[in-house]
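Numbering (the working numbering), first residue to last: 10 to 162.
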Amino acid sequence: LIGSGILHTKLWLVDGRHAYIGSANSDWRSLTEVKEMGIYIQDCPCVANDIKKLFDVYWMMGASGAQIPDQWPDSLSTPYNEATPMNLSTNGLVYLSSSPPQFCTKGRTGDGNSITSTIHKANKFVYIAVMDYFPTFIYTSKPKYWADIDTAL
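So, in structure tokens, the structure goes:
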């Protein structure tokens, strides 16, 4: 749809109230041998509804012949983002980000902005756990430096 890319998101939605978002693929190895993590959301329709909007974008883009629309339907817009996160009964605030930017509907903060914003809010340190970190476009014909995260760090 935008040149390359895969669906890397793993999410489960249940009854419009519960959700699981995690790094694990749904196979035996990811669930028994690979270091994975996830977050379970219980009885929280506002979070589940926002996750459903992300799911709906993926579903639309998975259809045969799908193309990214010039403007996403208003039904997929979200009021929750970095500037206006959800106010939940937790010790903090929540919003869901997404990538690529072309899949971010109105109101959605992109993953890149969420990551760099998180780094910028650090007072003392930043712990990072990733499989690979390459501050370059490595899957293109000519590798090119991609400075966003390096600059934030």
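Ideal Cβ placement from N, Cα and C applies to all residues, glycine included. Keep in mind it's a predicted model, so treat the numbers as computed, not measured.
Helix, strand or coil: how does DSSP classify residue i here?
i, result
"ASN96", "strand"
"LEU85", "helix"
"ILE124", "helix"
"SER150", "coil"
"SER39", "helix"
Starting from residue i, trace the alpha helix (DSSP H) in both directions and tell me its first and last residue.
i, result
"LYS133", "Counting along the chain, LYS133 falls outside any alpha helix (DSSP H), and DSSP gives it neither H nor E."
"ILE158", "157-161"
For residue i versus residue j, is the C-beta distance shorter than 7 Å?
i, j, result
"LEU22", "ALA57", "yes"
"LYS153", "PHE143", "no"
"ASP59", "THR87", "yes"
"ILE174", "ILE30", "Residue 174 lies beyond the stretch modelled for the chain, which goes from 10 to 162, so this question has no answer here."
"TRP81", "THR114", "yes"
"GLY74", "ASN90", "no"
"LEU85", "LYS62", "yes"
"ILE137", "ALA161", "no"
"ASP83", "SER106", "no"
"PHE112", "VAL43", "no"
Hey, quick one: how far does the beta strand (DSSP E) through residue i stretch, first residue to last?
i, result
"ILE30", "27-31"
Bridge partners of residue i, per DSSP?
i, result
"LYS19", "GLY31"
"LYS115", "DSSP lists no partner for LYS115."
In chain order, each beta strand (DSSP E) run of at least 3 residues that lies wholly inside the region 41-75 = For the region 41-75, whole beta strand (DSSP E) runs of length 3 or above, ordered along the chain, are 47-50.
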